[in-house]
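Before any comments, here is the structure.
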Amino acid sequence: MQSIMGLIVNAHNSQTAMLTKEASGEHIPVTLLLVHSQDHLMTAITYIDLAKELVAVYEKMAQK
1 MQSIMGLIVN
11 AHNSQTAMLT
21 KEASGEHIPV
31 TLLLVHSQDH
41 LMTAITYIDL
51 AKELVAVYEK
61 MAQK
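The sequence shown runs 1 to 64 under UniProt numbering.
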């Protein structure tokens, strides 16, 4: 899980850098591949968050 989070952080940092350039006035061409990759990143982050919540719930249930 730790290595996966490192990859997610790298992808998120790349996305943030691109958005910062766009906000600074630099034109960033928006391609279908870019939109698709951002969608995959968002979905991966969502599933990771959900998995963490499920682990916490199961750990709490196991304590009872």
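Yeah, the Cβ is synthetic: ideal placement off N, Cα and C, and Gly gets one too. Keep in mind the model is a prediction, meaning the values are calculated, not measured.
Where does the unbroken alpha helix (DSSP H) through residue 75 begin, and where does it stop? There is no way to answer for residue 75, as the model of the chain reaches only from 1 to 64.
Return the Cβ separation of M18 and I8 in integer angstroms, given the expectation that the two are a contact with Cβ distance under 8 Å. Indexing the sequence shown from 1 puts residue 18 at position 18. Indexing the sequence shown from 1 puts residue 8 at position 8. So it is not a contact: roughly 16 Å between Cβ atoms.
Simplified DSSP state of I48, which is helix, strand or coil: For this step, residue 48 is matched to residue 48 along the sequence shown. I48 falls in the helix class under three-state DSSP.
Residue from Q63, L54 and A44 with nearest C-alpha to M5: Sequence index remark: in the sequence shown, residue 5 carries index 5 (1-based). Nearest option by C-alpha distance: A44.
When the Cα atoms are used, what is the spatial distance from V55 to S24? What you label residue 55 is simply residue 55 of the sequence shown in a count that begins at 1. What you label residue 24 is simply residue 24 of the sequence shown in a count that begins at 1. Going from the Cα of V55 to the Cα of S24 covers about 40 Å.
Alpha carbon to alpha carbon, how far is S14 from L34? Taking the sequence shown and counting its residues from 1, one reaches residue 14 at position 14. Taking the sequence shown and counting its residues from 1, one reaches residue 34 at position 34. Rounded to the nearest angstrom, the two C-alpha atoms are 12 Å apart.
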